[in-house]
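The structure appears right after this line, and notes come after that.
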Amino acid sequence: MMDYVTTLYAVSWSLGSLVIIVCTARICGRAFVTHQTGWDDFFMIFGALSAIVCSALVTVGASHGLGKHEHDIEDPHNHSEAIKYTIIAPVMSIISSSSSKVSIFIFLIRLMGVTAKRWHLYFLWGLCVLMGLLNLYAIVLILRFCSPTAYQWDKSLDGTCIDPKIHAAAATIAKVGIFKDLDKHQDITWFWAPITLLYTAEMDVIIIVGTIPALWPLLKFVRRPGGGSYGPYKNASSNPEQIEGSEAYQLENSKNSKVKQGPITRALQELDELRTMQTVVGNAQP
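In the numbering used here, the protein residues as written are 701 to 986.
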C-alpha cells in the first residue's frame, strides 16, 4: 500500500546529511582559516542542530506510522506515538528555520559593514523581529490546538480542542501554503505527511543555501597550492567587530575585473587591502 514513510526517511536524511557536511565545513573555515567566528555562525549551527533533531523526530514518527492512514496503524500505542511526533516535529522545524534566517540577517549586516545605512539596519532587524513573532505564533498554535497539548494524541485525558478550520486559518497567517491541510485532524498522520516533507526540505535548504557564502574562504584555502593561510585573513582577529562588521571576502584578481563594482564590493576590498597592509607592516617590524 502506498504511503509516505520511505519518502520521509529519504528527504529527512539526504538533506540532513548535506546540512551536517556544509555546517562542519563552515565552522572549519571560520575557526581555522579566517579565525572570524561570529553570531551568524552560532545561529546557523543552532539551526542545524534543531534541523537534525527535527529529522530524528520525523524518523521516529515514521517508524510508528507517520505517513500512513490512521486506520492502517493497528497498534494503539503506535497510533498515539505517530500523532505525537507528527505534532511535535514541526515545532523544531520552525525553530530551525527561524534560527538559520536570523543567521542570514546577521551575515548580511556584517557583509554591508560600514556601507550600511541606518534604514538598512532598521529594515533587516524589523524583518527579523516580525519573523520571530510570526514563528512563535505558529508554535503556540500547533501546541495549543488542544488543551492540554497531550490530548491531541491521548484521548483518555480530559481536554478540549478549538475548531480545526479556525486553527488552520490562523496558522496560515504564519506559514502560508504549508498548513493548507492543517484542519485534517481526523487522519492527521496521512494528511500531515506532505506538510512534513515540505517543512523538512524547507529548513534544510535554508541552512544549505545560507551557509554556501560562508564557505568561500575555506574553498580558496583548499585550492591554494601548498596550503598556507588564506590571504588577508592570516592574522585576522577572532572578533568580527574589529573589522567594523564586514566579512570582506576579496575575490582573486578582482582589481582586473571589467565588471563594474558596487559600493559594497569596493568598501569590502578596501577593508581587505587595509588589513593586508597592516599584516605586512606588522611582519616587517623586528
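Ideal Cβ placement from N, Cα and C applies to all residues, glycine included.
Just so we're clear, the structure is a prediction, and the values are computed from it rather than from any experiment.
Taking residue i as the reference, which of the options has the closest Cα?
i, options, result
"Phe743", "Tyr851, Glu781, Ser796 and Leu898", "Ser796"
"His777", "Gln886, Lys855 and Asp863", "Lys855"
"Asp740", "Ala782, Leu897, Thr911 and His820", "Thr911"
"Lys784", "Leu757, Ala816 and Gly859", "Leu757"
"Ala748", "Arg726, Leu919 and Met812", "Arg726"
"Ser800", "Ala816, Cys846, Ser750 and Thr849", "Ser750"
"Gly765", "Val829, Met702 and Arg924", "Met702"
"Gln886", "Asp775, Thr815 and His771", "His771"
"Trp853", "Ile839, Ile888, Tyr822 and Thr724", "Ile888"
Cutting at 6 Å between CB atoms, please list the residues of its own chain near residue i, excluding the five before and the five after it.
i, result
"Ser793", "Cys754, Tyr899 and Met903"
"His779", "Ile773"
"Tyr704", "Gly767 and Ala893"
"Asn835", "Ile794 and Ser798"
"Ile806", "Trp739 and Asp740"
"Leu897", "Val711"
"Asp997", "Nothing can be reported for residue 997, as the shown portion of the chain is limited to 701 through 986."
Pop quiz: residue i and residue j are said to be a contact at Cβ under 8 Å. What is the actual Cβ separation, rounded to whole angstroms?
i, j, result
"Trp890", "His769", "5 Å"
"Leu715", "Ala901", "6 Å"
"Val733", "Pro917", "5 Å"
"Arg989", "Gly738", "As shown, the chain starts at 701 and ends at 986. That puts residue 989 outside it, with no answer to give."
"Val791", "Ile842", "6 Å"
CB-CB under 8 Å to residue i, same chain, minus the five flanking residues each way: which ones, in chain order?
i, result
"Leu808", "Leu824"
"Leu857", "Pro848, Ala850 and Tyr851"
"Val905", "Leu715"
"Cys828", "Lys801, Val802 and Phe805"
"Ser938", "The predicted model places Ser938 with a pLDDT of 42, which falls under 50 and marks its position as unreliable, so this point remains unresolved."
Helix or strand or just coil, what does DSSP make of residue i?
i, result
"Thr860", "strand"
"Val760", "helix"
Would you kindly work out how many angstroms separate the C-alpha atoms of residue i and residue j, rounded to a whole number?
i, j, result
"Ala914", "Ile907", "11 Å"
"Ile788", "Ile752", "14 Å"
"Trp713", "Ile721", "12 Å"
"Ala762", "Gly826", "38 Å"
"Thr786", "Val922", "42 Å"
"Glu781", "Ser717", "25 Å"
"Cys728", "Leu833", "32 Å"
"Ala731", "Ile839", "33 Å"
"Thr724", "Tyr822", "31 Å"
Under 7 Å Cβ to Cβ from residue i, same chain only, skipping five residues before and after it: list those, please.
i, result
"Ile988", "Here the chain comprises residues numbered 701 to 986, so residue 988 is not present and cannot be evaluated."
"His820", "Met812"
"Ile862", "Phe845"
"Met831", "Ser798 and Lys801"
"Thr706", "none"
"Gly859", "Cys846, Ser847, Pro848 and Tyr851"
"Thr642", "Outside the modelled stretch of the chain, which goes from 701 to 986, sits residue 642, for which no answer is possible."
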